[in-house]
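Engineer: With the working numbering, the residue at position 32 of the sequence shown is 42, and numbering never jumps.
Quick reminder that beta carbons are idealized off the backbone N, C-alpha and C, glycines included.
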Amino acid sequence: MKQIIVLAAFIALGIFISSIVIGFEGDVKTIGDKTNSAMNKLVTNMDKSFGE
11 MKQIIVLAAF IALGIFISSI VIGFEGDVKT IGDKTNSAMN KLVTNMDKSF GE
């Protein structure tokens, strides 16, 4: 009986986490884009400093 309760709790937790992930999916994409552009700027600046 205890195993069923634990299993149900894990399923509920999984659904909860997945709903949060789906909710933040749009935000995660913009965060990824911001990180990507920041990395590109950093690499460009490093190339310029090493080029001199």
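What is the DSSP secondary structure of Met49, counted as helix, strand or coil?
Structural biologist: In the structure shown, Met49 sits in a helix (DSSP, three-state: H, G or I).
Engineer: Roughly how many whole angstroms lie between the Cα atoms of Met11 and Ala19?
Structural biologist: When rounded, the distance between both Cα atoms is 13 Å.
Engineer: So, for Asp57: in the same chain, excluding its five sequence neighbours on each side, which residues have a beta-carbon less than 8 Å away from its beta-carbon?
Structural biologist: Excluding sequence neighbours, Asp57 sits near nothing in its chain.
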